[in-house]
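*Asks:* Okay, handing you the structure first.
Protein chains: 2
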Amino acid sequence: MYVHLVGPSAEEAAQVVNSGKRRGVVVVVGVCEVSYSGRAAASLKAGRRLLLIKRDGTLLVHEAEKAQPKIWQPPGSSTAAYVEEGRLVVKSVRSRPFETVRVVFLSVDFVGVFDVGESELEFLGSERDVVEALTQAPWLIEEGLEVVGVEVPMDVGHVDILAKDRDGRYVVVEVKRDVATHEAVFQLARYVEIYRKKGLDVRGVLVAGDISSSALEYLRRYGLQFVKINPRELMAVTNKKASKLL
Amino acid sequence: MYVHLVGPSAEEAAQVVNSGKRRGVVVVVGVCEVSYSGRAAASLKAGRRLLLIKRDGTLLVHEAEKAQPKIWQPPGSSTAAYVEEGRLVVKSVRSRPFETVRVVFLSVDFVGVFDVGESELEFLGSERDVVEALTQAPWLIEEGLEVVGVEVPMDVGHVDILAKDRDGRYVVVEVKRDVATHEAVFQLARYVEIYRKKGLDVRGVLVAGDISSSALEYLRRYGLQFVKINPRELMAVTNKKASKLL
DNA sequence: TCATTGATCTCGTCA
DNA sequence: TGACGAGGTCAATGA
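Residue numbers (the numbering used here), protein chains in the order written: chain A, 6 to 251; chain B, 6 to 251.
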């Protein structure tokens, strides 16, 4: 399953898009006007762009720069190609919320359908992986720490790690793989406060790769602690998959 | 400037990638193994995928579904294509943080360079637009409201709108274009508290398209108010661009 | 450069 | 389906 046409007619292009959209990744390059209307509204004047249409309904309108598409439609949308006044039109509709993207081609340089698959990503180093590693090696947070619970549900959200220190005092641990911001501090402060209102003797520790200056300021104000980690090293030390991926 | 090759040799493909990567959008389709190493690590087993390389250094590895690339490199990265053991290898390096993506092709189905441009997006309906509209028509928040300040800087972050009500009491307005979550409520509560500590008589109003149940609960607990808006209607009523885009 | 926040965020997960 | 939070988030903006 693979087809491509260079400089196709609008009719030919529409046919390739419609026959390929459920089977592979459709690529269309040409001069087009694009408009989006839904919760917000946007438009692009005539210009040469690259369209990707995926079998799950995803539509991406890419330009020459940036990682993000300028206009898009998420998975689950329905795409249709047809000819209007001699021009190729690609229309994508999403139902909830109701939103449409309309691409009108003034000229089509290229249309192709490629047999692209879907596979599993092996990944190491997510916040979940960091929490897992710290659970295996809690002494990297603090000597004598003993893990009591992981991903403990709260009123809203959840505590990453709940532990007891060498003196038997509870420790709430909030983990960020990268730079912790003031939001992380507020999050931790909320959890600590909730436990204290329940009458528990608790202190809070923020474990992260780094911390922003304002976050550090709030941290001190709230009487919380910061422990710096290197997520990559942490993975190397504690994770089996590490040898394969690092 | 446009070129494409079907079933090229590794040498031919490498040459097309290297000559096109600074001039247009390079598309490569083929069976490949992909690996990412940097702050985290990831890999994809052999499978057919679509690569996009942009002139600003962006690299995207797309599969058959989802809007996001499975593996990527952001703008500013450096891409190089070469032949290793008879295979096309595309390597992308980013300096800060140091991260690499390596794509090894077992076979190349297609390689092309497309002359895609970069243009300005006309957009209406961002949170900024909503704030702007509410500043023009503050009575849509509350009868008799008078705007005192917009985007007022705080210790951390800024208040969307600061106003005075008909009784001369200060009102802190936090705006969300979509569904407001508990985070928005906490944000507003912080601002209100800061003003009160300064001795001002202040109340807080959350203006959003909707509000989550838990956010509503916290809102009431903190004694804050919620005003529901329809950002689209708001645009239609107050914005000049609206007629063009909606 | 860093810090902060929005985003038509997207995506997974869990109730 | 909704809610919630992570993300190698990305990208724009202001300091």
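Idealized CB from N, CA, C, for every residue including glycine.
Please read these numbers as outputs of a predicted model, since none were measured by experiment.
Any beta-carbon of chain B closer than 9 Å to the one on V30 of chain A?
*Replies:* Within the first sequence, numbered from 1, the residue matching residue 30 of chain A stands at position 25. True, the Cβ-Cβ gap to chain B drops below 9 Å.
*Asks:* Along the chain, which unbroken stretches of the beta strand (DSSP E) at least 3 residues long are found entirely within the stretch 168 to 240 of chain B?
*Replies:* 175 to 185, 207 to 216, 230 to 233
*Asks:* Are the C-beta atoms of W144 of chain B and some chain A residue less than 9 Å apart?
*Replies:* As a position in the second sequence, residue 144 of chain B is number 139, starting the count at 1. For W144 of chain B, the answer is no, since every Cβ of chain A falls outside 9 Å of its Cβ.
*Asks:* Along the stretch 80 to 93 of chain B, where does the CB come closer than 8 Å to a CB of chain A? Name the residues.
*Replies:* P80
*Asks:* Is A18 of chain B near V33 of chain B, with beta carbons less than 9 Å apart?
*Replies:* The residue labelled residue 18 of chain B in the question sits at position 13 within the second sequence. The residue labelled residue 33 of chain B in the question sits at position 28 within the second sequence. A contact, by the Cβ cut-off of 9 Å.
*Asks:* Return no unless some Cβ of chain A is closer than 9 Å to the Cβ of H67 of chain B.
*Replies:* Here residue 67 of chain B corresponds to residue number 62 of the second sequence, with the count starting at 1. H67 of chain B counts as touching chain A.
*Asks:* When we look at the beta-carbon of R174 of chain B and count the other beta-carbons within 10 Å, is it buried (16 or more) or exposed?
*Replies:* Position 169 of the second sequence, counting from 1, holds the residue named residue 174 of chain B. R174 of chain B should be labelled exposed.
*Asks:* Run through DSSP, which three-state label would L55 of chain A get?
*Replies:* As a first step, residue 55 of chain A must be located in the first sequence, where it is residue number 50. Three-state DSSP puts L55 of chain A in a strand.
*Asks:* Grab the span of the beta strand (DSSP E) containing L145 of chain B for me, first residue to last.
*Replies:* As a working note, residue 145 of chain B is residue 140 in the second sequence. L145 of chain B -> no beta strand (DSSP E), and no H or E assigned at all.
*Asks:* Can you tell me which of A:I76, A:A72, A:W77, A:R107 puts its alpha carbon nearest to the alpha carbon of A85 of chain A?
*Replies:* Reading the first sequence from its first residue, position 80 is the one you call residue 85 of chain A. Closest option to A85 of chain A, Cα to Cα, is A:R107.
*Asks:* G25 of chain A CB to nearest chain B CB: under 9 Å?
*Replies:* What you label residue 25 of chain A is simply residue 20 of the first sequence in a count that begins at 1. With 9 Å as the cut-off, G25 of chain A does not count as an interface residue toward chain B.
*Asks:* Going by DSSP, what residue range makes up the beta strand (DSSP E) through V88 of chain B?
*Replies:* Counting from 1 along the second sequence, the entry for residue 88 of chain B is found at position 83. Start and end: 83 to 89.
*Asks:* Going along the chain, which residues of its own chain have a beta-carbon closer than 6 Å to the beta-carbon of Q141 of chain A, five neighbours each way excluded?
*Replies:* For the purposes of this step, residue 141 of chain A is taken as the residue at position 136 of the first sequence. If we look at Q141 of chain A and ignore the five residues flanking it on each side, its Cβ neighbours are T243.
*Asks:* Is I76 of chain A a contact residue of the ligand MN, with contact defined as CB to any heavy atom under 8 Å?
*Replies:* Ligands in the displayed structure: none, and consequently the ligand MN is not present.
*Asks:* Using a Cβ-Cβ cut-off of 9 Å, state whether T140 of chain B counts as contacting chain A.
*Replies:* The count along the second sequence starts at 1 and reaches residue 140 of chain B at position 135. Judged by the 9 Å Cβ criterion, T140 of chain B is not in contact with chain A.
*Asks:* Measuring alpha carbon to alpha carbon, tell me which of B:D172, B:V153, B:M159, B:D160 ends up nearest I166 of chain B.
*Replies:* Within the second sequence, residue 166 of chain B is the residue found at index 161, counting from 1. It is B:V153 whose Cα lies nearest to the Cα of I166 of chain B.
*Asks:* Quick one: Cα of L129 of chain A to Cα of L211 of chain A, how far?
*Replies:* As a first step, residue 129 of chain A must be located in the first sequence, where it is residue number 124. As a first step, residue 211 of chain A must be located in the first sequence, where it is residue number 206. Between the C-alpha atoms of L129 of chain A and L211 of chain A there is a straight-line separation of about 21 Å.
*Asks:* With 9 Å set as the bound, which would you pick, yes or no: does the beta-carbon of A185 of chain B sit closer than that to a beta-carbon of chain A?
*Replies:* The sequence position of residue 185 of chain B within the second sequence is 180, counting from 1. Nearest CB-CB separation between A185 of chain B and chain A: not below the 9 Å threshold.
*Asks:* Find out if the Cβ-Cβ distance for the pair G62 of chain A, S40 of chain A is shorter than 9 Å.
*Replies:* Taking the first residue of the first sequence as 1, we reach residue 62 of chain A at position 57. Taking the first residue of the first sequence as 1, we reach residue 40 of chain A at position 35. No.
*Asks:* Looking only at DSSP bridge pairs, what is L150 of chain B linked to?
*Replies:* The residue you call residue 150 of chain B lines up with position 145 of the second sequence. For L150 of chain B, which the question treats as bridged, DSSP gives no partner whatsoever.
*Asks:* Between the stretch 224 to 232 of chain A and the stretch 196 to 212 of chain A, do three or more beta carbon pairs fall short of 8 Å?
*Replies:* Judged by Cβ distances under 8 Å, the stretch 224 to 232 of chain A makes contact with the stretch 196 to 212 of chain A, as three or more pairs qualify.
*Asks:* From V177 of chain B to V184 of chain B, what does the alpha carbon distance come to, in whole angstroms?
*Replies:* Sequence index remark: in the second sequence, residue 177 of chain B carries index 172 (1-based). Sequence index remark: in the second sequence, residue 184 of chain B carries index 179 (1-based). Each residue's alpha carbon lies about 19 Å from the other.
*Asks:* Since H67 of chain A and R54 of chain A should fall inside the 8 Å C-beta cutoff, what is the C-beta to C-beta distance between them, to a whole number of angstroms?
*Replies:* Your numbering for residue 67 of chain A matches position 62 in the first sequence. Your numbering for residue 54 of chain A matches position 49 in the first sequence. Right, the Cβ-Cβ distance comes to about 7 Å (below 8 Å), so this counts as a contact.
*Asks:* Beta carbon of V113 of chain B, beta carbon of A47 of chain B: below 9 Å?
*Replies:* Here residue 113 of chain B is taken as the residue at index 108 of the second sequence, counted from 1. Here residue 47 of chain B is taken as the residue at index 42 of the second sequence, counted from 1. Taking 9 Å as the cut-off, the Cβ atoms of V113 of chain B and A47 of chain B do not count as close.
*Asks:* Would you give the residue range spanned by the beta strand (DSSP E) that V121 of chain A belongs to?
*Replies:* Residue mapping note: residue 121 of chain A aligns to position 116 of the first sequence, counting from 1. Taken as a continuous stretch (DSSP letters only), V121 of chain A belongs to no beta strand (DSSP E), as it is neither H nor E.
*Asks:* Whole angstroms is fine: what's the gap from R182 of chain B's alpha carbon to E148 of chain B's?
*Replies:* Counted from its first residue, the second sequence places residue 182 of chain B at position 177. Counted from its first residue, the second sequence places residue 148 of chain B at position 143. Their Cα atoms are separated by approximately 21 Å.
*Asks:* Is L93 of chain A near F115 of chain A, with beta carbons less than 9 Å apart?
*Replies:* Locating residue 93 of chain A in the first sequence gives position 88, counting from the first residue. Locating residue 115 of chain A in the first sequence gives position 110, counting from the first residue. Not a contact, by the Cβ cut-off of 9 Å.
*Asks:* Using a Cβ-Cβ distance under 9 Å, would H9 of chain B count as near chain A?
*Replies:* Position 4 of the second sequence, counting from 1, holds the residue named residue 9 of chain B. Interface flag for H9 of chain B against chain A is set, since a Cβ pair is found closer than 9 Å.
*Asks:* Considering only residues of the same chain and omitting the five flanking positions on each side of M159 of chain A, which have a CB-CB separation below 7 Å?
*Replies:* Counted from its first residue, the first sequence places residue 159 of chain A at position 154. Answer for M159 of chain A: Y196, I199, listed in chain order.
*Asks:* Please tell me whether L126 of chain B has its Cβ less than 9 Å away from any Cβ of chain A.
*Replies:* Start at 1 with the first residue of the second sequence, and residue 126 of chain B comes out as number 121. At least one chain A Cβ lies under 9 Å of L126 of chain B.
*Asks:* With respect to the beta strand (DSSP E) encompassing Q294 of chain B, which residues constitute its N-terminal and C-terminal limits?
*Replies:* Absent from the structure is residue 294 of chain B, since the part of chain B shown begins at 6 and ends at 251.
*Asks:* With DSSP as the reference, label D165 of chain B as helix, strand or coil.
*Replies:* In the second sequence, the residue the question calls residue 165 of chain B occupies position 160. Strand.
*Asks:* Could you work out which residues of chain A lie near D61 of chain B, taking near to mean beta carbons separated by less than 8 Å?
*Replies:* As a working note, residue 61 of chain B is residue 56 in the second sequence. Ordered by position in chain A, the residues that pass the 8 Å Cβ test against D61 of chain B are A69, E70, K71.
*Asks:* Quick one: does D114 of chain B have its CB under 9 Å from some CB of chain A?
*Replies:* Taking the first residue of the second sequence as 1, we reach residue 114 of chain B at position 109. At least one chain A Cβ lies under 9 Å of D114 of chain B.
*Asks:* Chain B partners of L55 of chain A, CB-CB under 8 Å?
*Replies:* Numbered from its first residue, the first sequence carries residue 55 of chain A at position 50. In chain order: V30, V32, L57, F119, V121.
*Asks:* For G35 of chain B, which three-state DSSP category applies?
*Replies:* If you number the second sequence from 1, residue 35 of chain B lands on position 30. Note: G35 of chain B maps to strand in three-state DSSP.
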